[in-house]
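Here's the structure we're looking at; comments come further down.
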Amino acid sequence: METWFWILGWSLSILTITGNGFIIFLVCSKRQLRTKTNAFVVSLAVADFCVGMSVVPSLFFCTMANWCNLPQAWLSWVHILVRWLFGYASVANLCSLVLDRYIAVVKPLKYLTFMKRRRVIQMISLSWAIPVVFHILPAVSVIFSISVFFPIFLWLVMVFFGVSTKRDVNILLYFHVTRCL
Numbered sequence: 052m053e054t055w056f057w058i059l060g061w062s063l064s065i066l067t068i069t070g071n072g073f074i075i076f077l078v079c080s081k082r083q084l085r086t087k088t089n090a091f092v093v094s095l096a097v098a099d100f101c102v103g104m105s106v107v108p109s110l111f112f113c114t115m116a117n118w119c120n121l122p123q124a125w126l127s128w129v130h131i132l133v134r135w136l137f138g139y140a141s142v143a144n145l146c147s148l149v150l151d152r153y154i155a156v157v158k159p160l161k162y163l164t165f166m167k168r169r170r171v172i173q174m175i176s177l178s179w180a181i182p183v184v185f186h187i188l189p190a191v192s193v194i195f196s197i198s199v200f201f202p203i204f205l206w207l208v209m210v211f212f213g214v215s216t217k218r219d220v221n222i223l224l225y226f227h228v229t230r231c232l
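In the numbering used here, the protein residues as written are 52 to 232.
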């Protein structure tokens, strides 16, 4: 690839890592900054920090070491999965932050009763779980020829929304496994 591409890519990567690292450091070190909204900001900063750490460096080493073109290059698949996972996690965290701000603006009187600590943890966890479920599990399913996507996705949905018991999950998994065999 061209030299200007690597200079621009590394510059943006370093800027992304530095800026998001600074945000993470500030919010974690200052007690006054530990608010519900800043929890979403830190989660987004962690996702963007991981994007900065994974996109350009992995592409650079893949290109320079020439292990992307090898037919059995499992590392090329790994770095592609990781890059896209962090990209999806960044978008999902941005959507959570926007939803939080939307609720705060549209329903300011109900915001404090609706956005409890538990709800914030659920939204942030879901922002990280959705990219994993929709990106990593289908890839694992294709690689190992197993159907793990459906039951795990349903289990995550039921656990996060609190509509499930262990018995319900076991029944669901039993029917899925018997249907797939």
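Virtual Cβ for every residue (Gly too), placed ideally from N, Cα, C.
Nearest-angstrom Cβ-Cβ length linking residue i and residue j, presumed shorter than 8 Å
| i | j | result |
| --- | --- | --- |
| VAL107 | SER64 | 4 Å |
| VAL92 | LEU148 | 7 Å |
| VAL133 | SER105 | 5 Å |
| LEU110 | LEU145 | About 22 Å; that fails the 8 Å criterion. |
Residue i, DSSP secondary structure in three states
| i | result |
| --- | --- |
| THR86 | coil |
| ASN144 | helix |
| VAL163 | In the sequence as presented, Val is not what sits at residue 163; that position holds Leu. Residue state, collapsed to three classes: helix. |
| ASN71 | helix |
| ILE131 | helix |
| PHE56 | helix |
Cβ shell of residue i (< 8 Å), same chain only, five flanking positions each side left out
| i | result |
| --- | --- |
| PHE100 | THR67, ILE68, ASN71, GLY72 and ILE75 |
Proximal residues to residue i (C-beta, below 7 Å), its chain only, five neighbours per side dropped
| i | result |
| --- | --- |
| HIS130 | SER109 and CYS113 |
| LYS81 | none |
Chain C within 9 Å of residue i, Cβ atoms only
| i | result |
| --- | --- |
| ALA98 | The chain labelled as chain C is not found in the depicted structure, where only one protein chain is given. |
Close Cβ partners of residue i (< 6 Å) along its chain, the five nearest in sequence each way excluded
| i | result |
| --- | --- |
| VAL171 | LYS87 and ALA90 |
| PHE182 | In the sequence under discussion, the amino acid at residue 182 is Pro, which differs from the Phe named in the question. Closer than 6 Å at Cβ, skipping near neighbours: LEU136, TYR139, ALA140 and ALA143. |
| VAL78 | LEU84, ASN89 and VAL93 |
| SER178 | ALA143, ASN144 and SER147 |
- Item | Touching by the beta-carbon criterion (3+ pairs, under 8 Å), the segment 108 to 115 and the segment 144 to 161 | Touching, no, given that fewer than three Cβ pairs across the two stretches are closer than 8 Å.
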